[in-house]
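Remarks on the structure that follows.
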Amino acid sequence: MKTIAVLGSTGSIGTQTLEVAREQKDIRIAALAAGRNIKILEEQIREFHPRMAAVWDEAAAEKLKISVRDMDVKIVSGMEGLLEISTLPEVEILVTAIVGMIGIRPTIAAIQAGKHIALANKETLVTAGHIIMPLAKKCGVQILPVDSEHSAIFQSLNGENPARIAKLLITASGGPFRGRTREELAGVRVEDALKHPNWSMGQKITIDSATLVNKGLEVMEARWLFGVDLDQIQVVVQPQSVIHSMVEFTDGAVIAQLGTPDMKLPIQYALFYPDRRFLGGARLDFARLAKITFEEPDTDVFLGLPLAYRAAREGGSMPTVFNAANERAVSKFLRREIGFTDIYKIITECMDAHQTRQNPSVEEILETEQETYELIESRW
Ligand code: NDP
Ligand code: MG
Numbered sequence: 518m519k520t521i522a523v524l525g526s527t528g529s530i531g532t533q534t535l536e537v538a539r540e541q542k543d544i545r546i547a548a549l550a551a552g553r554n555i556k557i558l559e560e561q562i563r564e565f566h567p568r569m570a571a572v573w574d575e576a577a578a579e580k581l582k583i584s585v586r587d588m589d590v591k592i593v594s595g596m597e598g599l600l601e602i603s604t605l606p607e608v609e610i611l612v613t614a615i616v617g618m619i620g621i622r623p624t625i626a627a628i629q630a631g632k633h634i635a636l637a638n639k640e641t642l643v644t645a646g647h648i649i650m651p652l653a654k655k656c657g658v659q660i661l662p663v664d665s666e667h668s669a670i671f672q673s674l675n676g677e678n679p680a681r682i683a684k685l686l687i688t689a690s691g692g693p694f695r696g697r698t699r700e701e702l703a704g705v706r707v708e709d710a711l712k713h714p715n716w717s718m719g720q721k722i723t724i725d726s727a728t729l730v731n732k733g734l735e736v737m738e739a740r741w742l743f744g745v746d747l748d749q750i751q752v753v754v755q756p757q758s759v760i761h762s763m764v765e766f767t768d769g770a771v772i773a774q775l776g777t778p779d780m781k782l783p784i785q786y787a788l789f790y791p792d793r794r795f796l797g798g799a800r801l802d803f804a805r806l807a808k809i810t811f812e813e814p815d816t817d818v819f820l821g822l823p824l825a826y827r828a829a830r831e832g833g834s835m836p837t838v839f840n841a842a843n844e845r846a847v848s849k850f851l852r853r854e855i856g857f858t859d860i861y862k863i864i865t866e867c868m869d870a871h872q873t874r875q876n877p878s879v880e881e882i883l884e885t886e887q888e889t890y891e892l893i894e895s896r897w
């Protein structure tokens, strides 16, 4: 029996994690956490019987307490609640499927309490990778990637000597606007940006896929997870999303992980690593697949990628600015307050205005996030 806790249980990754738990009978859910969606959270509590559940929003937590008073579950709220859930003694693996930098402190607390991390929340590594990775090593816990590209690399590295990595090849679908010009990109609508060609995901990451900011965040995530230089990471557009990523080794061999796009595979792999369990669903049919094609990403149009490389090369607090500016810009785009390419403008302006702090502490990372939000509010 594996005992896990899920932060962000009502979201895209969270609900798919619970689907895996439903199918694999030997996973026990000790705790769940959500932002404010208490309707779905209550259904999850009734099905999985966690002993604790956290709701970020206090008023929503109070409501939930009343509606589940017939159940043996403790309801907690706010950051205190998230921290309590992340450090429950019986939890072996914490699934971090929250969106945003809110995931940093619970992840650190869980590592310090000796929990393995099934990491979906990429913002944590992007902004605090320099704190998280050494801490995980010191505490002897595993960071198990859930992001499909990183899981593919992790699977490709299984049994290999990491010192023999020549480069990591991160694949990208190219998003719904692949092939468009800059002018065409300026006028795209929210509905179009939310139509990802191959994956069904939460709203924020779907927009990030359309801007290629997601790929940029993944480059930064990969750098921390696998301890390689930025120059050893190459992004390759592979529109069919069949190859989930690859590793080239020093002898020229390339090892890849392929499959139909289904996030349950990387989630399940992280939960049972190094074992593989049966997972239902469509299999790749190579005879019908016919072809897998490759392109270079268009970095003149999709500025998410070059901006991410710039932030990553600068290092320190700059990836936090990139991430926080993008987070706010995406919210504004989803509320139809700004156009699609304004997302790039906001990120660029915030990065231009920022004085980088090297080796920032968690407090400095959160301060940088706040300063970035304030700058955006004052200008846009
Ligand atoms: P969703 O928006 O679908 O879900 C986010 C989850 O986080 C929800 O359960 C939400 O609760 C919860 N949440 C938000 N704010 C808080 C808070 N302050 N306290 C507690 N819970 C909170 O996101 P995704 O599942 O798409 O993404 C989650 C993370 O995984 C992101 O970092 C994303 O980049 C990453 N990821 C996602 C992939 C995907 O396929 N979706 C693929 C690879 C990575 P509520 O419903 O109540 O708002
Ligand atoms: Mg991904």
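According to the numbering used here, the sequence shown is numbered sequentially starting from 518.
We treat Cβ as the ideally placed atom computed from N, Cα and C, and that holds for glycine.
Worksheet item: What are the boundary residues of the beta strand (DSSP E) that S584 is part of?
Response: For the purposes of this step, residue 584 is taken as the residue at position 67 of the sequence shown. Per DSSP, S584 belongs to no beta strand (DSSP E); it is in the alpha helix (DSSP H), E575 to S584.
Discussion item. Check for me: the beta strand (DSSP E) holding I809 runs from which residue to which?
Written reply: Position 292 of the sequence shown, counted from the start, is the residue given in the question as residue 809. Run containing I809: none; DSSP gives neither H nor E here.
Worksheet item: Hey, out of A645, I619 and V608, whose CA is closest to S878's CA?
Response: Position 361 of the sequence shown, counted from the start, is the residue given in the question as residue 878. Selected option, being the one with the closest Cα: A645.
Practice prompt. May I ask you to verify whether the segment 668-679 touches the segment 771-780, counting CB pairs closer than 8 Å and requiring at least 3?
Written response: yes
Fill in: Which of helix, strand or coil DSSP assigns to I621
Sequence index remark: in the sequence shown, residue 621 carries index 104 (1-based). If DSSP states are grouped into helix, strand and coil, I621 belongs with the helices.
Worksheet item: Going by C-alpha distance, which of V608, L600, I555 and A841 is nearest I583?
Response: Mapped onto the sequence shown, residue 583 falls at position 66. Considering only alpha carbons, the answer is I555.
Item to complete: Assuming A551 contacts V572 (C-beta within less than 8 Å), just tell me the rounded distance between them.
Response: Stepping through the sequence shown from its first residue, residue 551 is reached at position 34. Stepping through the sequence shown from its first residue, residue 572 is reached at position 55. Rounded, the Cβ-Cβ distance is 6 Å, consistent with contact.
Practice prompt. Would you kindly check if the distance between the Cβ of P662 and the Cβ of L685 is under 8 Å?
Written response: Within the sequence shown, numbered from 1, the residue matching residue 685 stands at position 168. Within the sequence shown, numbered from 1, the residue matching residue 662 stands at position 145. For L685 and P662, no; Cβs fall outside 8 Å.
Practice prompt. Give a yes or no on contact between the segment 750-759 and the segment 685-694, applying the rule of three or more CB pairs nearer than 8 Å.
Written response: yes
Worksheet item: With C-beta atoms as the reference, is H535 less than 8 Å away from S526?
Response: To locate residue 535, count along the sequence shown from 1; it is residue 18. To locate residue 526, count along the sequence shown from 1; it is residue 9. Residue identity differs from the one stated: residue 535 is Leu in this sequence, not His. Result yes, Cβ atoms of L535 and S526 sit closer than 8 Å.
Worksheet item: If you draw a straight line from the alpha carbon of V736 to that of L747, how long is it in whole angstroms?
Response: Along the sequence shown, one-based indexing puts residue 736 at 219. Along the sequence shown, one-based indexing puts residue 747 at 230. Spanning the two alpha carbons is a distance of roughly 8 Å.
Worksheet item: The beta strand (DSSP E) spanning L636 covers which residue range?
Response: The sequence position of residue 636 within the sequence shown is 119, counting from 1. H633 to L636 is the extent of the beta strand (DSSP E) around L636.
Worksheet item: Any idea if G733 is buried or exposed, counting beta-carbon neighbours within 10 angstroms, 16 or more meaning buried?
Response: Reading the sequence shown from its first residue, position 216 is the one you call residue 733. The residue in question, G733, is buried, as its Cβ has 16 or more Cβ neighbours within 10 Å.
Discussion item. Below 7 Å, is the gap between the Cβ of D725 and the nearest heavy atom of the ligand MG?
Written reply: Against the sequence shown, residue 725 aligns to sequence position 208. For the ligand MG, not one heavy atom lies less than 7 Å from the Cβ of D725.
Discussion item. Any contact between the segment 796-810 and the segment 691-698? By contact I mean 3 or more CB pairs, one from each, below 8 Å.
Written reply: no
Discussion item. For the structure I just gave you, are there three or more beta carbon pairs, one from the segment 719-731 and one from the segment 813-825, closer than 8 Å?
Written reply: yes
Discussion item. To the nearest angstrom, how far is the alpha carbon of A846 from that of I855?
Written reply: For this step, residue 846 is matched to residue 329 along the sequence shown. For this step, residue 855 is matched to residue 338 along the sequence shown. The alpha-carbon atoms of A846 and I855 are separated by roughly 8 Å.
Worksheet entry | Q541 CB to nearest heavy atom of the ligand NDP below 7 Å | What you label residue 541 is simply residue 24 of the sequence shown in a count that begins at 1. Every heavy atom of the ligand NDP is 7 Å or more from the Cβ of Q541, so no.
Worksheet item: What is the DSSP secondary structure of M835, counted as helix, strand or coil?
Response: Stepping through the sequence shown from its first residue, residue 835 is reached at position 318. If DSSP states are grouped into helix, strand and coil, M835 belongs with the helices.
Discussion item. Taking DSSP's pairing of strands, which residues face L686 in a bridge?
Written reply: In the sequence shown, the residue the question calls residue 686 occupies position 169. In the DSSP output, where bridge partners are listed per residue, L686 has Q751 and M763.
Discussion item. I'd like the span of the alpha helix (DSSP H) that includes N561, first residue to last.
Written reply: Walking along the sequence shown from the start, residue 561 turns up at place 44. First, the amino acid is wrong: residue 561 is Gln here, not Asn. Its alpha helix (DSSP H) spans residues I555 to F565.
Practice prompt. Assign Q875 to one of three DSSP states: helix, strand, or coil.
Written response: Residue mapping note: residue 875 aligns to position 358 of the sequence shown, counting from 1. The answer is coil: DSSP assigns Q875 none of H, G, I, E or B.
Worksheet item: Identify the residues that DSSP records as bridge partners of Q774: which are they?
Response: Sequence index remark: in the sequence shown, residue 774 carries index 257 (1-based). According to DSSP, which records beta bridges pairwise, Q774 is partnered with S762.
Worksheet item: Counting pairs of Cβ atoms below 8 Å between the segment 652-660 and the segment 759-768, do you hit three or more?
Response: no
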